[in-house]
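**Student:**
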Amino acid sequence: MYGTDLFTTNISLLIDRGIEAKQPNSAIRKCARVQLIKNGKKIAAFVPNDGCLNYIEENDEVLIAGFGRKGHAVGDIPGVRFKVVKVSGVSLLALFKEKKEKPRS
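Using full-length UniProt numbering, you'd call the opening residue of the sequence shown number 1 and step up by one each time.
(1) Would a C-beta distance cut-off of 7 Å place D60 and S88 closer than the cut-off?
(2) Hey, how far is the Cα of F82 from the Cα of E98?
(3) Based on the DSSP output, what are the partners of K100 in its beta bridges?
(4) Skipping 5 residues on each side, what residues in its chain have a beta carbon closer than 7 Å to that of residue 188?
(5) Just reading off the beta strand (DSSP E) that L29 is part of, what are its end residues?
The structure is reproduced here in structure tokens:
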């Protein structure tokens, strides 16, 4: 869709939100609304792992990657095509496992 599966441009977080899963599931999937600084587009990105949404704050720079099916939504999450990989240059998985801390700036 955009030519690459990983966005390395600056992306700022706009808002955290939950997206309801499609039927028959009834979960609320945690997503973040981000804006591409390169062209100003606003997209939804899935935040993996339980509680990782707590490590992301407004106006943080995040790195997003494709979420699977070549530009299509994945699984029961409607309209979400990307996932968050890094926050402020630090891996979200490393933050989740408490191996690294987020920079203070």
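Positions of the beta carbon are idealized from the N, C-alpha and C atoms, including for glycine. All of these numbers come straight from a predicted model, not from anything done at the bench.
**Tutor:** Reading it off the structure:
(1) yes
(2) Those two C-alpha atoms are separated by around 24 Å.
(3) None; K100 has no bridge partner.
(4) Nothing can be reported for residue 188, as the shown portion of the chain is limited to 1 through 105.
(5) Correcting the residue type first, residue 29 is Arg in the shown sequence and not Leu. That run of the beta strand (DSSP E) goes 28-36.
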